[in-house]
Amino acid sequence: MRNLRVLLMMEIAIFGALGYVLDFVAFKMPQGGSVSLVMIPIVLMAFRRGVLAGVLTGLLVGLLQIVTGVISVTPLSFGFVVLQVLLDYLVAYGLVGLSGLMRGRYLQASREHRTGGMIMAVVIGLFIGSALRYITHVVTGILFFGMFAEGNVLIYSAVYNATYMIPVFLVAAVVCSTLFAAAPKLVDTKA
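In case it helps, numbering that gives the first Met the number 0 puts the sequence shown at residues 0 to 190.
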């Protein structure tokens, strides 16, 4: 039992570090934000070990970004900066781990050798995690970056964050679907 916990902690650490590194493999959008591969290791852990492991991996990715200073902060007071950083990095990436809610469907489809079902579970799981991350970024955009909005702040934040979150979702969906369908043993913890 103890060795399984150590293995789980090591996997979370490795995939968290991998997510942090993959965030540097990015296409920077002209207006801000970036399209990167950061969500792939989080989703992999969520499907491999479950929702809690996915959430912890996402939290670790966000924490690594915070402690290394790879963040964008609002030009407001310190209290607002702390709240904005917590939401934009810890909460947003932690919520990506909820993509593991579709783990059961993925494993069932994998046992039945239904590649289409596996891909559908991955895409739906990624949609859940991406949508929650997107909503978090929209909220922080409204609360902390609304001063830059021209017109309706909700529309501004929704459009601004969609310009990079939609491509992030699509890239992660293609990569994860391909990876998980080609190598289902990545998700099989007994392999």
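Where is the CB? At the ideal position from N, CA and C, for every residue including glycine.
In the DSSP assignment, residue 109 is bridged to no other residue. Burial is judged here by how many other beta carbons sit within 10 angstroms of a residue's own beta carbon; residue 40 has at least 16 and is buried. The criterion of a C-beta distance shorter than 8 Å is satisfied by residue 122 and residue 172. Secondary-structure assignment with DSSP links residue 34 through a beta bridge to 26. By alpha-carbon distance to residue 81, the top candidate from 95, 93, 66 is 66. For the 8 Å CB-CB criterion, residue 33 and residue 163 form a contact. In this structure, the alpha-carbon of residue 48 lies about 13 Å from that of residue 13.
Rounded to the nearest whole angstrom, the CA to CA distance from residue 99 to residue 11 is 14 Å.
When secondary structure is reduced to three states using DSSP, residue 186 falls in the coil class, being assigned neither helix nor strand. Straight through space, the alpha carbons of residue 175 and residue 5 are spaced by roughly 26 Å. Annotation for residue 59: 15 place their beta carbon closer than 6 Å to its own, counting only its chain and skipping 5 residues before and after. In chain order, 35, 36 place their CB closer than 8 Å to the CB of residue 24, counting only its own chain and leaving out the 5 sequence neighbours on each side. Across the set 85, 96, 92, 44, the C-alpha of 92 shows the shortest separation from the C-alpha of residue 22. Exposed is the label assigned to residue 146, since fewer than 16 other Cβ atoms lie within 10 Å of its Cβ. Going by beta carbons, residue 134 and residue 156 fall outside the 8 Å limit. Separation of the CB atoms of residue 19 and residue 83 is rounded to 20 Å, and the pair is thereby denied contact status at 8 Å.
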